[in-house]
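Written below as structure tokens is the structure these notes are about.
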Amino acid sequence: MPNQKPEWIGRRLLQEGLVRANFGNMSLRADGGFHIKRRGEFMDAAWEPVFVPFDGPVPECASTEYPVHRDIYMNSTFDAILHAHPPHAIALSLLEWELLPLDSEGRLLAPRVPVVEGEPGSVELAGSVVRGLSSSPVVIARGHGTFAAASDLLQAYILTSVVEHSSQILLMLLRRG
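Just add 1097 to wherever you are in the sequence shown, counting from 1, and you've got the numbering used here.
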């Protein structure tokens, strides 16, 4: 089984073009809160997360998407969240209200991917993502990126990758008319 360390996941995301520069973030559930990537940190950097409690003050160095992660954890049983910026999925999110993969991997792992609304890091986005994740393990925030939630980071990464793959196939078909 491949290495499930956050740095390995971050390297895979960068290699596949699912994130750029220091875009995106990931987190893991912990007692009383969760550990999340530091604001501005690159995804493949050594994992030195920030602990964000479910209640109480949030460290200033926590990712700006912490409200979304917190709401997901407080309203689900997921243990890992991955937020990426896959370009083809983002492009489709500007055209569609949901992604319905036609390829076999997409149909198997994420047969319906809701497109949700809200400004990055906002309470509105947090609520939209939580609602979307009630029917799918991955959603696309319109014009922003994916939020995949799973039992571990490897599964969240696989969901992110399959949504981008399915998006590429759908865009190829759209180009053909």
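Note that the Cβ used here is the ideal one computed from N, Cα and C, for glycine as well. On a predicted model such as this, the values are computed, not experimentally measured, just so you know.
With distances taken from CA atoms, which of the options is nearest residue i?
i	options	result
residue 1251	1123, 1271, 1114 and 1119	1123
residue 1214	1246, 1241, 1143 and 1105	1241
residue 1177	1202, 1130, 1143 and 1200	1130
residue 1145	1118, 1125, 1257 and 1152	1125
residue 1256	1230, 1273, 1271 and 1274	1230
residue 1166	1247, 1272, 1265 and 1261	1247
residue 1143	1119, 1274 and 1128	1119
According to the Cβ coordinates, are residue i and residue j closer than 8 Å?
i	j	result
residue 1121	residue 1185	no
residue 1210	residue 1196	yes
residue 1188	residue 1268	yes
residue 1136	residue 1173	no
residue 1217	residue 1162	yes
So, at 8 Å on beta carbons, what are the nonlocal neighbours of residue i in its own chain, with the 5 sequence-adjacent residues on each side left out?
i	result
residue 1254	1106, 1109, 1110, 1179 and 1245
For the alpha helix (DSSP H) containing residue i, list its first residue and its last residue.
i	result
residue 1223	1220 to 1230
residue 1171	1163 to 1171
residue 1111	1103 to 1112
residue 1204	1201 to 1206
residue 1189	1184 to 1190
For the beta strand (DSSP E) that contains residue i, what are its first and last residues?
i	result
residue 1269	Counting along the chain, residue 1269 falls outside any beta strand (DSSP E), though it belongs to the alpha helix (DSSP H) covering 1250 to 1273.
residue 1180	1177 to 1181
residue 1132	1130 to 1133
residue 1242	1242 to 1247
residue 1238	1235 to 1238
residue 1150	1147 to 1150
residue 1122	1122 to 1127
residue 1211	1210 to 1213
Spatial neighbours of residue i within its chain, please: CB distance less than 7 Å, with the 5 preceding and 5 following residues excluded, ordered by chain position.
i	result
residue 1259	1202, 1203, 1206 and 1207
residue 1193	1212
residue 1100	Summary for residue 1100: the model assigns pLDDT 48, below 50, so the residue's position carries little reliability; its value from the coordinates is reported in the next sentence. Closer than 7 Å at the Cβ level, and outside the excluded window around residue 1100, lies no residue.
residue 1225	1213, 1214 and 1215
residue 1098	In this prediction, residue 1098 has a pLDDT of 34, which is less than 50 and means its spatial position is unreliable; what the coordinates show is noted afterwards. Cβ neighbours of residue 1098 beyond the five flanking positions: none.
residue 1171	1151
Less than 8 Å between the CB atoms is what I'm expecting for residue i and residue j, so what's the real figure, rounded?
i	j	result
residue 1164	residue 1220	6 Å
residue 1191	residue 1239	7 Å
residue 1133	residue 1227	With a Cβ gap of about 16 Å, residue 1133 and residue 1227 do not count as contacting.
residue 1141	residue 1104	6 Å
Going by beta carbon distance, what residues of the same chain come within less than 6 Å of residue i, once the five residues before and after it are set aside?
i	result
residue 1156	1147
residue 1263	1198, 1200 and 1203
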